[in-house]
Each structure stands twice: as C-alpha cells, then as structure tokens.
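**Q** Per UniProt numbering: the sequence shown = residues 1 to 497.
Ideal Cβ placement from N, Cα and C applies to all residues, glycine included.
Fair warning: this is a prediction, and the values are worked out from it, not measured in the lab.
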Amino acid sequence: MIEKPSRLEYGTIVGERYRIIRTLGTGGMSRVFMAEDLKLPGKQWAVKESVADTHMMKLVRAEAEMLISLSHPRLPRIVDFFEHLRSGAVYLVMDYIEGMTLEAYLKGYQGRIPQEQIIPLALQVLDVLDYLHTRQTPVIYRDLKPTNIMLTPEMEFKLIDFGIARSYKAELDQDTVKLGTVGFAAPEQYGAGQTDARSDLYSLGAILLYLCTGGKYSEWTAGVEGYIRGEVTRHLIPVIRKLLRQHPEERFQSAREVIEELRRSTEFQPAKHEASVGGTSLEYAGTRVVAVLGVSSGSGATHTAIAVSHYLARRSRSVALVELHSTAQAFARLQAVVERVSSGQTSSSRRFEVDGVHYWRQTSRADVISLLGGSYRFIVLDLGSAPDNERLEEFLRADYPLVVGSGAEWRIQEIAGLARSFQRHPQDKWNYCLPLAPLEAVQRLRKELNHDKVFALPYHSDPFERAAGMDQVLDELFRGVIPYTRKKRFGFLKRQR
Numbered sequence: 001m002i003e004k005p006s007r008l009e010y011g012t013i014v015g016e017r018y019r020i021i022r023t024l025g026t027g028g029m030s031r032v033f034m035a036e037d038l039k040l041p042g043k044q045w046a047v048k049e050s051v052a053d054t055h056m057m058k059l060v061r062a063e064a065e066m067l068i069s070l071s072h073p074r075l076p077r078i079v080d081f082f083e084h085l086r087s088g089a090v091y092l093v094m095d096y097i098e099g100m101t102l103e104a105y106l107k108g109y110q111g112r113i114p115q116e117q118i119i120p121l122a123l124q125v126l127d128v129l130d131y132l133h134t135r136q137t138p139v140i141y142r143d144l145k146p147t148n149i150m151l152t153p154e155m156e157f158k159l160i161d162f163g164i165a166r167s168y169k170a171e172l173d174q175d176t177v178k179l180g181t182v183g184f185a186a187p188e189q190y191g192a193g194q195t196d197a198r199s200d201l202y203s204l205g206a207i208l209l210y211l212c213t214g215g216k217y218s219e220w221t222a223g224v225e226g227y228i229r230g231e232v233t234r235h236l237i238p239v240i241r242k243l244l245r246q247h248p249e250e251r252f253q254s255a256r257e258v259i260e261e262l263r264r265s266t267e268f269q270p271a272k273h274e275a276s277v278g279g280t281s282l283e284y285a286g287t288r289v290v291a292v293l294g295v296s297s298g299s300g301a302t303h304t305a306i307a308v309s310h311y312l313a314r315r316s317r318s319v320a321l322v323e324l325h326s327t328a329q330a331f332a333r334l335q336a337v338v339e340r341v342s343s344g345q346t347s348s349s350r351r352f353e354v355d356g357v358h359y360w361r362q363t364s365r366a367d368v369i370s371l372l373g374g375s376y377r378f379i380v381l382d383l384g385s386a387p388d389n390e391r392l393e394e395f396l397r398a399d400y401p402l403v404v405g406s407g408a409e410w411r412i413q414e415i416a417g418l419a420r421s422f423q424r425h426p427q428d429k430w431n432y433c434l435p436l437a438p439l440e441a442v443q444r445l446r447k448e449l450n451h452d453k454v455f456a457l458p459y460h461s462d463p464f465e466r467a468a469g470m471d472q473v474l475d476e477l478f479r480g481v482i483p484y485t486r487k488k489r490f491g492f493l494k495r496q497r
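#1: So, with DSSP's three-state summary, where would you put His-303?
#2: Could you tell me which whole alpha helix (DSSP H) segments of length 4 or greater appear in the stretch 369-416?
#3: Determine the DSSP secondary structure at Glu-16, reduced to helix, strand or coil.
#4: With which residues is Pro-435 paired in a DSSP beta bridge?
#5: Does DSSP classify Ile-118 as helix, strand or coil?
#6: What three-state label does DSSP hand Ala-336 in the structure shown?
#7: Along the chain, which unbroken stretches of the beta strand (DSSP E) at least 3 residues long are found entirely within the stretch 107-157?
#8: Taking just the CA atoms, how far does Gln-124 sit from Leu-209?
#9: Report buried or exposed for Gln-443, applying the criterion of at least 16 other Cβ atoms within 10 angstroms of its Cβ.
#10: Less than 6 angstroms between C-beta atoms, sequence neighbours within five positions excluded: which residues of the same chain meet that for residue 502?
#11: Any chance the stretch 183-200 sits against the stretch 101-110, with 3 or more Cβ pairs inside 8 angstroms?
#12: Return the residue from the list Thr-137, Val-47, Leu-211 that minimises the CA-CA distance to Gln-115.
#13: Reducing DSSP to helix, strand and coil, say where Lys-58 ends up.
#14: Going by beta-carbon coordinates alone, are Ala-64 and Phe-81 separated by less than 7 angstroms?
#15: Please report the straight-line C-alpha distance between Ala-332 and Leu-324, rounded to a whole angstrom.
#16: Excluding the 5 residues preceding and the 5 following Arg-350 in the sequence, name in chain order all residues of the same chain whose CB lies nearer than 8 angstroms to its CB.
#17: Roughly how far, in whole angstroms, is the beta-carbon of Leu-243 from the beta-carbon of Arg-251, given that I think they are within contact range, below 8 angstroms?
#18: Since Lys-48 sits in a beta bridge, which residues does DSSP pair it with?
#19: Taking DSSP as the reference, what is the three-state secondary structure of Val-341?
#20: Rounded to the nearest angstrom, what separates Leu-396 and Glu-465 at their Cα positions?
#21: Do you know whose CA, among Ala-467, Asn-389, Lys-453, Gly-407, lies nearest Phe-422's CA?
#22: With respect to the beta strand (DSSP E) encompassing Glu-353, which residues constitute its N-terminal and C-terminal limits?
#23: What are the boundary residues of the alpha helix (DSSP H) that Val-473 is part of?
#24: Could you name the residues of the same chain whose beta carbon sits closer than 6 angstroms to that of Thr-471, not counting the 5 residues immediately before and after it, in chain order?
#25: Span of the beta strand (DSSP E) holding Ile-78?
#26: Would you say Thr-23 touches the ligand HEM, meaning its beta carbon is less than 6 angstroms from a heavy atom?
#27: Starting from the Cα of Ser-297, find the closest Cα among Ser-406, Ser-218, Val-380 and give me that residue.
#28: To the nearest whole angstrom, what separates the beta carbons of Gly-11 and Arg-19, a pair I think is in contact under 8 angstroms?
#29: Secondary structure at Gly-205, three-state DSSP: helix, strand or coil?
#30: Quick one: what does DSSP say Gly-226 is sitting in, helix, strand or coil?
#31: Skipping 5 residues on each side, what residues in its chain have a beta carbon closer than 7 angstroms to that of Asn-148?
#32: How big is the Cα-Cα spacing for Arg-288 and Val-90?
#33: Identify whether Gly-279 lies in helix, strand or coil by the three-state DSSP scheme.
#34: If we ignore side chains and look at the alpha-carbon of each, how far apart do Arg-411 and Phe-455 end up?
#35: Between Thr-195, Ala-301, Ala-291, Leu-293, which lies nearest to Glu-249 when the distance is taken from Cα to Cα?
#36: Quick one: what's got a C-beta closer than 8 angstroms to Lys-272's C-beta in the same chain, skipping five residues either side?
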C-alpha cells in the first residue's frame with residue numbers, strides 16, 4: 001500500500017483540468033481515481049497518482065515514457081503526464097475503461113464462462129503481446145492476470161496497469177527487481193533468470209488454465225487435467241501445457257507462434273463478422289480515423305465529411321465528426337440551427353448532436369488526441385482545404401484519408417497536383433472523391449495516379465439523410481472495414497434480470 005497519504009479527494013482539480021470524482025483502486029505504490037475533464041464536458045479519465053521515494057519515482061517516470069510511446073487499441077492511451085514537485089507525486093492521465101475485470105467476469109459466471117469465449121480472448125491477448133514483444137526495444141508486461149484484463153460491455157478486451165512492465169535488455173542475466181503475481185507469474189520471475197516474451201506467454205497459459213478449470217488452477221500440477229471442463233476443446237489442452245513449461249526454452253517462443261498454432265485448427269476459425277488484424281482474426285477494439293481534405297475551397301469537404309459520418313453512424317455506432325480548425329464557422333452555423341440559437345450567438349458547448357453523430361466544432365489537435373482516448377468507433381476529421389502543418393499531419397496519419405476535389409475537366413489536375421506535391425509520403429491508403437464527376441473523369445484520374453481508389457460521388461442534396469447512390473459508393477470505399485455492430489452484453493447480467 002502507499003505509505004504517503006494522497007493529495008486527492010472528491011472535487012480536487014488536478015493539472016487545472018481534471019476534477020476527481022471517486023477512487024477506482026489502490027495498490028502497490030499508486031492510487032487510481034476517476035476524474036471528469038473540465039475542457040471536454042462529459043469526458044471521464046482515469047488519473048493514476050504515484051507517491052514514492054526518489055528511486056521508485058524513476059520507475060514511475062519510466063512507465064510514463066514507455067506508455068506514451070505505445071499505440072495499440074487494447075492498451076490504455078496516455079493523454080497527460082505531470083509531477084507535483086512539492087509532494088513528490090506523479091500523475092498519469094489515461095483512458096477510463098468502463099466494464100469489469102476478467103476476474104469479476106469469471107465470478108459472474110460462477111467460474112464457468114462460455115467456452116466459446118476462451119479462444120477469442122486468447123487471440124486478443126496474443127495480439128497485444130505480439131505488439132509489445134516486437135517493439136524495437138521489446139516490452140515485457142510481467143503481470144498478466146485476470147485482474148489486469150478489462151472487458152467492456154461490448155466484450156472488447158483492454159490490458160491495464162503497466163506498473164511492473166519493463167524493457168527487455170538482452171545483456172542481463174536476470175531481473176534486478178522480482179515482481180509478479182503468485183500463480184500467474186513465470187518461474188523466472190522469482191529469481192531463476194531474466195524475464196522475456198516467454199514469461200508473458202507463461203502467464204497467458206496460466207490464465208487459460210484458470211478459465212478452463214473454473215478458477216481453480218493456474219499452475220500445471222499432477223491431476224489438473226481432471227478439473228478441466230469437459231466442454232473445452234481438446235485442441236487447447238496441449239497449447240496450455242506447452243505455455244506452462246517450467247523452462248522458457250520448452251515453451252512457445254513468441255506470441256505469433258501461439259497464434260499460428262491456434263489457427264491450425266478449423267475449430268478456432270472466427271465467425272465471418274470478425275475483422276482481420278495483423279493476420280489474426282479479432283474484433284477491432286480501437287478508434288478509426290477518417291480524415292477529409294478538400295483540394296481547394298468549395299470542393300465539398302465539409303459536405304462529404306457530414307455524409308460519411310452519418311453513413312458510418314447508421315452502420316456502426318459512436319461516431320464523432322470533428323471540425324479541426326479553430327476559426328472555421330460551418331459547424332457554428334449548424335449548431336445554431338440545431339439548438340435554435342439566435343443568429344450571432346455562440347453556444348458555450350462545442351459539442352452538439354445530430355442523429356447520433358457527435359459534432360465537435362472549432363476543435364484543436366490536443367482535443368482530438370483526447371477524443372482518440374474515448375469510446376468513439378470512428379472519428380471523422382473535417383480538415384477543410386489548404387491545411388496547416390498540424391492538420392496535414394492528421395491527414396497523413398489517418399486510417400482512411402479522403403481527398404475531395406472537383407471532377408470538372410478544367411479542375412481535375414488539382415487532385416493530381418496535390419498527389420504529386422506529397423509524393424514523398426505513402427499514398428496507397430488514400431481515397432479520392434469527386435462529387436458529380438462523370439465516369440470518364442474517374443477513369444482518367446485512376447490512370448494518371450495509377451491508383452484504383454478514385455470514386456465519383458453522386459448528387460446528394462442532404463448529407464444528413466440516407467441516399468442509395470451515396471451509400472453504394474461508400475459501401476465500396478469502406479468495404480471490409482465496418483465492424484460488426486450487434487450490441488453485446490455480459491450474459492450473466494442478462495440472466496439476473
């Protein structure tokens with residue numbers, strides 16, 4: 001437990017932005033609080049407060065630096081980090097993940113969660129472990145256990161609490177600090193050697209055995225086979241057994257190797273609605289960004305961004321449309337109409353809603369980073385035309401960059417010119433949209449750019465409403481990337497109603 005008292009209590013404002021609401025948890029050398037964002041009304045974050053001596057503070061700073069460098073949909077996103085020098089406290093502001101731990105989920109099913117959920121969970125854990133272990137400097141989590149895995153109401157997995165993770169150093173024979181949770185930590189974490197990727201794989205094996213035995217066992221001991229649930233597929237047992245070998249060289253050597261082993265059995269093939277991530281079939285859990293850039297003023301970027309947002313909202317859920325320009329006026333005019341505000345007046349809130357799409361007007365890049373840490377499935381960025389460096393960077397890093405330009409004969413070279421000006425940047429994922437363009441213009445531009453993702457957008461007078469022609473084009477543009485949208489709930493909660 002923390003030896004020093006916390007400075008935080010209900011109502012305390014941290015970093016001049018985050019108001020503490022309640023305590024989420026306490027353990028080790030830190031406390032975690034829920035906080036509301038004073039700059040983004042309605043947004044909540046988890047604030048981790050660490051108070052320790054000078055030596056331990058170095059570990060906390062190292063944790064912050066490591067987390068900030070990571071980017072994966074199943075890892076907590078760090079949005080702020082600061083220190084309070086007088087008290088020696090350090091604060092990490094990160095995603096608040098709504099849901100419950102795997103441990104609580106297991107208890108909700110009296111130890112017998114549906115066996116068909118075990119393999120998908122394993123694949124999700126392996127996906128994030130593969131990401132961590134294949135960094136330029138591999139990251140070893142070292143504390144994989146049911147209480148450090150969060151499940152959202154949509155059954156999306158998140159890995160939390162990087163308190164004892166470390167960067168792997170090949171020149172070391174063993175760890176300087178021996179940490180881990182008894183029952184889930186690999187033998188080498190108790191002094192037998194240095195932890196590496198195979199240590200995390202041991203912990204995964206312990207979790208799988210724990211799930212398969214209804215929470216009774218996490219270590220492979222004599223007679224444990226008799227406690228494995230009868231409905232668990234037999235193909236999984238040798239995988240767990242190999243993960244739990246005492247000597248690292250006898251285990252699977254990488255997360256990718258385990259993934260391939262699981263995929264060899266047709267019994268583990270995913271349902272058709274699941275998406276493929278890095279060759280592994282998993283349901284996508286992160287936020288995807290669509291950036292809409294106009295080639296020139298009046299090219300229809302905002303109109304297209306609105307149409308795309310409402311299309312995605314009808315087929316997915318939780319969509320934000322962001323006006324990434326601090327002086328733009330389009331969303332302000334729209335908000336005045338939606339909220340019936342008198343002309344010339346400006347609402348105090350920069351967020352408003354139209355048919356399930358959250359509109360964010362005159363938004364800064366810092367606010368976009370905060371929104372990325374939220375629960376939106378898609379964020380559509382309206383970049384306008386002639387973007388500055390920051391907006392251009394957001395376009396280049398987006399998952400789905402959309403360039404909107406005129407298909408008129410005398411203006412089509414504007415798009416070709418934009419593509420040439422950024423030829424040093426990869427453009428394979430760019431999409432070019434030409435409102436009201438004839439088929440000949442589309443074919444000509446495809447040939448000139450040597451790029452097949454060029455689309456003619458049909459006449460669409462009301463971008464808020466569904467139009468069959470526009471939907472048909474956007475179906476093609478977003479083919480294979482709209483996630484499965486059936487609302488899921490924790491099964492045992494439904495039974496209790």
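**A** Taking the definition as stated:
#1: The residue labelled residue 303 in the question sits at position 303 within the sequence shown. Three-state result, His-303: helix.
#2: The stretch 369-416 contains these whole alpha helix (DSSP H) runs: 389-397.
#3: For this step, residue 16 is matched to residue 16 along the sequence shown. Coil, per DSSP.
#4: The residue labelled residue 435 in the question sits at position 435 within the sequence shown. Residue pairing by DSSP puts Pro-435 in a beta bridge opposite Leu-457.
#5: Taking the first residue of the sequence shown as 1, we reach residue 118 at position 118. DSSP places Ile-118 in the helix class (H, G or I) of the three-state scheme.
#6: Position 336 of the sequence shown, counting from 1, holds the residue named residue 336. Residue state, collapsed to three classes: helix.
#7: Inside the stretch 107-157, DSSP marks whole beta strand (DSSP E) runs of 3 or more residues at positions 149-151, from first to last along the chain.
#8: Position 209 of the sequence shown, counted from the first residue, corresponds to residue 209. Position 124 of the sequence shown, counted from the first residue, corresponds to residue 124. Rounded to the nearest whole angstrom, the C-alpha separation of Leu-209 and Gln-124 is 16 angstroms.
#9: Reading the sequence shown from its first residue, position 443 is the one you call residue 443. By the 10 Å Cβ count, Gln-443 comes out exposed.
#10: Nothing in the structure corresponds to residue 502, since the chain is present only between 1 and 497.
#11: Per the Cβ contact rule, the stretch 183-200 is not in contact with the stretch 101-110 (fewer than 3 Cβ pairs under 8 angstroms).
#12: Here residue 115 refers to the residue found at position 115 when the sequence shown is read from its first residue. For the options Thr-137, Val-47, Leu-211, the alpha carbon positioned closest to that of Gln-115 is the one of Leu-211.
#13: In the sequence shown, the residue the question calls residue 58 occupies position 58. Reduced to three states, the DSSP call for Lys-58 is helix.
#14: Here residue 64 refers to the residue found at position 64 of the sequence shown. Here residue 81 refers to the residue found at position 81 of the sequence shown. Yes, the pair counts as a contact, with Cβ atoms nearer than the cut-off.
#15: Counting from 1 along the sequence shown, the entry for residue 332 is found at position 332. Counting from 1 along the sequence shown, the entry for residue 324 is found at position 324. Each residue's Cα considered, the two are about 13 angstroms apart.
#16: As a working note, residue 350 is residue 350 in the sequence shown. So the qualifying residues of the chain are Trp-360, Arg-361, Gln-362, Thr-363.
#17: In the sequence shown, the residue the question calls residue 243 occupies position 243. In the sequence shown, the residue the question calls residue 251 occupies position 251. Contact holds; Cβ gap of about 6 angstroms.
#18: Along the sequence shown, one-based indexing puts residue 48 at 48. For Lys-48, which the question treats as bridged, DSSP gives the partners Val-32, Leu-92.
#19: Residue 341 sits at position 341 when you count from the first residue of the sequence shown. Shown here, Val-341 sits in coil according to DSSP, grouped into three states, outside any helix or strand.
#20: In the sequence shown, residue 396 corresponds to position 396, counting from 1. In the sequence shown, residue 465 corresponds to position 465, counting from 1. Straight-line measurement puts the Cα of Glu-465 at about 29 angstroms from the Cα of Leu-396.
#21: Taking the first residue of the sequence shown as position 1, residue 422 is located at position 422. When each option's Cα is compared against that of Phe-422, the closest is Asn-389.
#22: As a working note, residue 353 is residue 353 in the sequence shown. Taken as a continuous stretch (DSSP letters only), the beta strand (DSSP E) holding Glu-353 covers 351-354.
#23: On the sequence shown, position 473 is the one that residue 473 refers to. Val-473 -> alpha helix (DSSP H) spans 468-477.
#24: Taking the first residue of the sequence shown as position 1, residue 471 is located at position 471. Residue identity differs from the one stated: residue 471 is Asp in this sequence, not Thr. Taken in chain order, the list of residues that qualify is empty.
#25: Along the sequence shown, read from residue 1 onward, the residue named residue 78 stands at position 78. Segment 78-84, the beta strand (DSSP E) holding Ile-78.
#26: The ligand HEM is not part of this structure, which contains no ligands at all.
#27: Mapped onto the sequence shown, residue 297 falls at position 297. Of the candidates Ser-406, Ser-218, Val-380, the residue whose Cα lies closest to the Cα of Ser-297 is Ser-406.
#28: Your numbering for residue 11 matches position 11 in the sequence shown. Your numbering for residue 19 matches position 19 in the sequence shown. So it is a contact: roughly 7 angstroms between Cβ atoms.
#29: Position 205 of the sequence shown, counting from 1, holds the residue named residue 205. Here Gly-205 carries a helix assignment [DSSP, helix/strand/coil].
#30: The count along the sequence shown starts at 1 and reaches residue 226 at position 226. Helix, per DSSP.
#31: Sequence index remark: in the sequence shown, residue 148 carries index 148 (1-based). Taken in chain order, the residues that qualify are Leu-159, Ile-160, Asp-161.
#32: Your numbering for residue 288 matches position 288 in the sequence shown. Your numbering for residue 90 matches position 90 in the sequence shown. Roughly 31 angstroms separates the two Cα atoms.
#33: By one-based count along the sequence shown, residue 279 stands at place 279. Any answer about Gly-279 is weak, because its pLDDT of 38 lies below 50 and its placement is not dependable; what the coordinates show is given next. If DSSP states are grouped into helix, strand and coil, Gly-279 belongs with coil.
#34: Working through the sequence shown from its first residue, we reach residue 411 at position 411. Working through the sequence shown from its first residue, we reach residue 455 at position 455. When rounded, the distance between both Cα atoms is 16 angstroms.
#35: The sequence position of residue 249 within the sequence shown is 249, counting from 1. Ranking Thr-195, Ala-301, Ala-291, Leu-293 by Cα distance to Glu-249 puts Thr-195 first.
#36: Within the sequence shown, the letter at position 272 stands for residue 272. Bear in mind that the predicted position of Lys-272 carries a pLDDT of just 36, short of 50, making it too unreliable to give a figure here.
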